[in-house]
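What follows is one structure encoded as structure tokens, with my remarks underneath.
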Amino acid sequence: MGNDNGGALNTDSFDNFNDVYGEILNNCDWGIRNERDNEEDNEGRGDKKSNQGRDGEYNDINDNWFEHYPEFVNNSFYMAGESYAGVYVPTLASQVVKGIKAGAKPIINFKGYMVGNGVTDQIIDGNALVPFVHGMGIISDDIYLDVLAACKENYFDPSTDNCSMILQKISKAIWELNIYDVLEPCYHNPESKRDSKANTRLPDSFQLLGEAQRNVSVRKRMFGRAWPLWAPVKAGIVPLWPQLAEHDLTVACTNDEVATTWLNDPSVRTAIHAETESITGAWELCTSRLLYRHDAGSMIPYHKNLTSQGYRALIYSGDHDMCVPFTGTQAWTRSLRYKIIDEWRAWKSNKQVAG
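Read in the numbering used here, the sequence shown has 366 at position 355, and its numbers run on one by one without any break.
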């Protein structure tokens, strides 16, 4: 099971042009893959419910998944996901393990999990962007040395005006990049306007969130258009895009025209067993219909607990992802202090170096 948004924008099932009806279907079996990989994840953009009250999730898997697909009961069971799945995969995996130990039926043959570019720890993830953009050549050595001296490697929670000012300079440097792949084009909504006052696309209300927490003239937890770069790992209510959209703010670098049209087509909704618009409302990439409070803390203890019990874990990162940079993944996996048994090396696909 897995997938962060049900596959509409990340499975590459169609290449979309600006013309809503100009999509080209790719030659892949979307239906089979989603049946195998996706548990229900369709409320809003993924069912990102509160981390409270997770006791029923083991029963949800049994009642919903294995009730419909009893032939899979004896199969090896893995969980997988990307981005914010870095939170809900290890927490749900922990609940499954608790259910197994409690003797819940049927017994899930749980073997392990996989997380890609996963949100993990607010401090480590929050400090990962600056070394990433320097390593990618996006900021100069001079700026990097300045921010090192001013911030003392504490970029997530800047304590001085000078640190915040240099972080703002970095924000300006990365503002127009595609945060999900810095080498890919960034779709710019023509209706969106840049906030010239702060040189950022963060609305005033969101900037005030930071100012209320620390009396610093320029408070930057997030760098411009890159929300939600670090917001999901921070304790408390997580603001959603529609709640922040005071200046025609749109989801960064994302053209969701094709997905919106397709997923709101009545015949499509029927085919994917979604409720009608009269019941759930129209599909939106980021909906305002959710109230999500993050209360799970760091995911590192979850990973340590699961792997120490012998469950397999595959943690991977795309090296062009600026939203949850690989520099953070390297830092938190290193903090587990596991012995390295295979040195860093190139890996190949079809006899070509692929990473």
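Each residue gets a CB set at the ideal place from its N, CA and C atoms; glycine is no exception.
Between the alpha carbons of residue 155 and residue 102 lies a distance of about 35 Å.
One thing to note: residue 83 has its Cβ no nearer than 7 Å to the Cβ of residue 119. The Cβ atoms of residue 319 and residue 128 lie no closer than 7 Å to each other. Non-local beta-carbon contacts of residue 338 in its own chain, meaning distances under 6 Å to residues more than five positions away in sequence, involve 139, 142, 143 in chain order. Restricted to the stretch 147 to 194, the alpha helix (DSSP H) segments that are unbroken, complete and at least 4 residues in length are 152 to 162, 172 to 185, listed in chain order.
Looking at the DSSP output, residue 89 sits in a beta bridge with 123.
Residue state for residue 331 is assigned as coil, using DSSP reduced to three classes. Pairwise C-beta distances place the stretch 272 to 283 out of contact with the stretch 306 to 313, as fewer than three of them are shorter than 8 Å.
Looking at the DSSP output, residue 364 bridges to 359.
Residue state for residue 135 is assigned as helix, using DSSP reduced to three classes. Taking a C-beta distance under 7 Å as the contact criterion, residue 173 and residue 161 qualify as a contact pair. For residue 274, the enclosing alpha helix (DSSP H) begins and ends at 268 to 274.
Only residues of its own chain outside the window of five on either side were considered, and among them 131, 132, 135, 311 have a CB closer than 7 Å to the CB of residue 343, listed in chain order. Here the alpha carbon of residue 86 sits roughly 45 Å from the alpha carbon of residue 148. Going by DSSP, residue 282 is part of the alpha helix (DSSP H) stretching over 277 to 282. Straight through space, the alpha carbons of residue 248 and residue 300 are spaced by roughly 13 Å. For residue 326, the beta-bridge partners assigned by DSSP are 126.
Ranked by how close their Cα comes to the Cα of residue 197, the residues 270, 123, 266, 164 have 266 in first place.
Counted as a single uninterrupted DSSP element, the alpha helix (DSSP H) harbouring residue 339 occupies residues 337 to 346.
Counted as a single uninterrupted DSSP element, the alpha helix (DSSP H) harbouring residue 313 occupies residues 311 to 319. The beta-carbon distance between residue 357 and residue 306, rounded to whole angstroms, is 40 Å. This is too long to meet the 8 Å contact definition.
It is roughly 42 Å from the alpha-carbon of residue 152 to the alpha-carbon of residue 271. Nearest C-alpha to residue 326 among 195, 288, 126: 126. A residue is called buried once 16 or more other Cβ atoms fall within 10 Å of its Cβ, and residue 352, having fewer, is exposed.
The three-state secondary structure of residue 110, taken from DSSP, is helix. For residue 290, the uninterrupted alpha helix (DSSP H) segment begins and ends at 288 to 291. Nearest Cα to residue 321 within the set 361, 341, 195, 121: 121. Approximately 33 Å separates the beta-carbon atoms of residue 294 and residue 317; this is outside 8 Å, ruling out the contact. CA-CA distance, residue 291 to residue 279, rounds to 15 Å. A distance below 7 Å separates the beta carbons of residue 104 and residue 90. Taking 8 Å as the upper bound for CB-CB distance, residue 157 and residue 177 are in contact here, some 5 Å apart.
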